[in-house]
DNA sequence: TGACAGTTGCAAATCGTTCGCATAAGCAAT
DNA sequence: ATTGCTTATGCGAACGATTTGCAACTGTCA
């Protein structure tokens, strides 16, 4: 079933769940599975949380809370900013999203389903590129171990300029 | 010349400059040189800035603005928090202090005179340990280069737990 | 379906940080 | 030293991002 909204985005209604724009069936299944896992983990799956989850699943950038709110309202206009903040925190605690705190400016978020990676931030444009280096990770663990520590998590950000 | 204050800390007065507690003569000379350099760089050396500089020079931890303010007031009680913030920003622009933005919580500061290093943050105690790895730095530059970037600066933080 | 505990929207509160303004004080030239 | 120009200061109010208290609402599970 398809609905066309006033703002020209396509909504797909599946049973009583609202997902934003055109999502593939496999993407929808992925969301459903995630909801089930979260429910099994004691989290209530509300209308607002579904909307927020679908926004996060679709995002391939790193939106801040306000941007998540803006996008979520396209799916469900009643969702408040406070709920967005609360939901993002809850999802973070469930390990479903990661909170990114780049220099200058508020927190930004990304789904945790992609494999671990670090970030390059373009100092001129604010664009974010993801990368990963096993070699660096190994060195980090070595250094921490030398100092008597285990790495719980780390943050590696390269603030760069296009050459 | 020595002064003993009510709060049991020793102040040293050198010409018209106030430095906190017992500082070695070489440490004082270092501060004087720094002041001269800053003055030559167009920055006015005020009573409050001298007090803040001396606090920073003495700190071997990574205090936040509020903590810098608390310590500065021991030297000169009239210094306001706003001035601490303004001075820290100015000093950062002059490359004299670095602003550290660890997860959860406000900015913390360190003097820039130590050679470049990264940080290990104890997730249980908040303690900060400094380390450096040329090997990691080299890898970072390589990765950025592969993606068409030059590293302007970077942030590497290992959030760790004592083993 | 009913009941309970978790969730929501709203507005107010909080936290760290910045800003406007009138006053005070560096610094360079005198 | 004194002057004059400009910048720095303290104060309190404003700020933006985030959190919270509360009364109404709604998943969930029996």
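Protein chains in written order, with this note's numbering: chain S, -5 to 157; chain E, -5 to 157. Here a beta-carbon is modelled for each residue, glycine too, at the ideal position from N, C-alpha and C. This one's a predicted model, so the numbers in the text were calculated from it and none came from an experiment.
Next item on the list: Determine contact between the segment 105 to 118 of chain S and the segment 104 to 119 of chain E, defined as no fewer than three beta-carbon pairs at a distance below 8 Å.
Entry: Segments in contact, no.
Next item on the list: Give the DSSP bridge partners of residue 104 of chain E, in chain order.
Entry: Position 110 of the second chain, counted from the first residue, corresponds to residue 104 of chain E. DSSP output for residue 104 of chain E lists E:92 as bridge partner(s).
Check: Are the beta-carbon atoms belonging to residue 139 of chain E and residue 152 of chain S less than 8 Å from one another?
Finding: The sequence position of residue 139 of chain E within the second chain is 145, counting from 1. The sequence position of residue 152 of chain S within the first chain is 158, counting from 1. Not in contact: residue 139 of chain E and residue 152 of chain S (Cβ atoms no closer than 8 Å).
Margin query: I'd like the span of the alpha helix (DSSP H) that includes residue 97 of chain S, first residue to last.
Written below: Mapped onto the first chain, residue 97 of chain S falls at position 103. For residue 97 of chain S, there is no enclosing alpha helix (DSSP H), since its DSSP letter is neither H nor E.
Next item on the list: For the segment 142 to 155 of chain S, enumerate the residues whose C-beta is nearer than 9 Å to any C-beta of chain E, in chain order.
Entry: Within the segment 142 to 155 of chain S, those residues whose Cβ lies closer than 9 Å to any Cβ of chain E are, in chain order, 142, 143, 144, 145, 146, 147, 148, 149, 150, 151, 152, 153, 154 and 155.
Notebook entry, point to check: Are any of the Cβ atoms in chain S nearer than 8 Å to that of residue 42 of chain E?
Noted result: Numbered from its first residue, the second chain carries residue 42 of chain E at position 48. No, residue 42 of chain E does not count as interfacial toward chain S.
Notebook entry, point to check: What whole-angstrom Cβ distance do residue 70 of chain E and residue 41 of chain E have, given they're in contact under 8 Å?
Noted result: Position 76 of the second chain holds residue 70 of chain E. Position 47 of the second chain holds residue 41 of chain E. The C-beta distance from residue 70 of chain E to residue 41 of chain E rounds to 6 Å, short enough to meet the 8 Å contact threshold.
Next item on the list: Pick out the complete alpha helix (DSSP H) segments inside the segment 8 to 67 of chain E, 4 residues or longer, and give them in chain order.
Entry: Annotation note: the segment 8 to 67 of chain E contains the following uninterrupted alpha helix (DSSP H) runs of length 4 or greater, listed N- to C-terminal: 19 to 34 and 41 to 52.
Next item on the list: List the endpoints of the continuous alpha helix (DSSP H) containing residue 123 of chain E.
Entry: Along the second chain, read from residue 1 onward, the residue named residue 123 of chain E stands at position 129. That residue, residue 123 of chain E, is in no alpha helix (DSSP H); its beta strand (DSSP E) goes 122 to 125.
Notebook entry, point to check: Within this structure, are the beta carbons of residue 51 of chain E and residue 31 of chain E separated by less than 8 Å?
Noted result: On the second chain, position 57 is the one that residue 51 of chain E refers to. On the second chain, position 37 is the one that residue 31 of chain E refers to. Contact flag unset, no.
Checklist line | Members of the segment 99 to 110 of chain E that neighbour chain S once the beta carbon cut-off is set at 7 Å | finding: Sequence-ordered contacts of the segment 99 to 110 of chain E with chain S are nonexistent [C-beta pairs closer than 7 Å].
Notebook entry, point to check: Who are the neighbours of residue 157 of chain E on chain S, taking C-beta pairs under 7 Å?
Noted result: As a working note, residue 157 of chain E is residue 163 in the second chain. Residues of chain S passing the Cβ test: 142, 143 and 144.
Next item on the list: Return the chain-ordered list of same chain residues with a C-beta closer than 8 Å to the C-beta of residue 154 of chain E, the five sequence neighbours on each side being excluded.
Entry: Within the second chain, residue 154 of chain E is the residue found at index 160, counting from 1. Excluding sequence neighbours, residue 154 of chain E sits near 114, 115, 116 and 117.
Check: Taking C-beta to C-beta, are residue 156 of chain E and residue 142 of chain S nearer than 8 Å?
Finding: In the second chain, counting from the first residue as 1, residue 156 of chain E sits at position 162. In the first chain, counting from the first residue as 1, residue 142 of chain S sits at position 148. In contact: residue 156 of chain E and residue 142 of chain S (Cβ atoms closer than 8 Å).
Next item on the list: Could you pull out every residue in the same chain whose Cβ sits closer than 7 Å to the Cβ of residue 93 of chain S, ignoring the five residues on either side in sequence?
Entry: Counting from 1 along the first chain, the entry for residue 93 of chain S is found at position 99. The residues 86, 101 and 103, in chain order, have a CB closer than 7 Å to that of residue 93 of chain S in the same chain once the five nearest residues on each side in sequence are set aside.
Check: Within 10 angstroms of its Cβ, does residue 112 of chain S collect 16 or more other Cβ (buried), or is it exposed?
Finding: Here the question's residue 112 of chain S lines up with position 118 in the first chain. Within 10 angstroms of the beta-carbon of residue 112 of chain S lie 16 or more other beta-carbons, which makes it buried.
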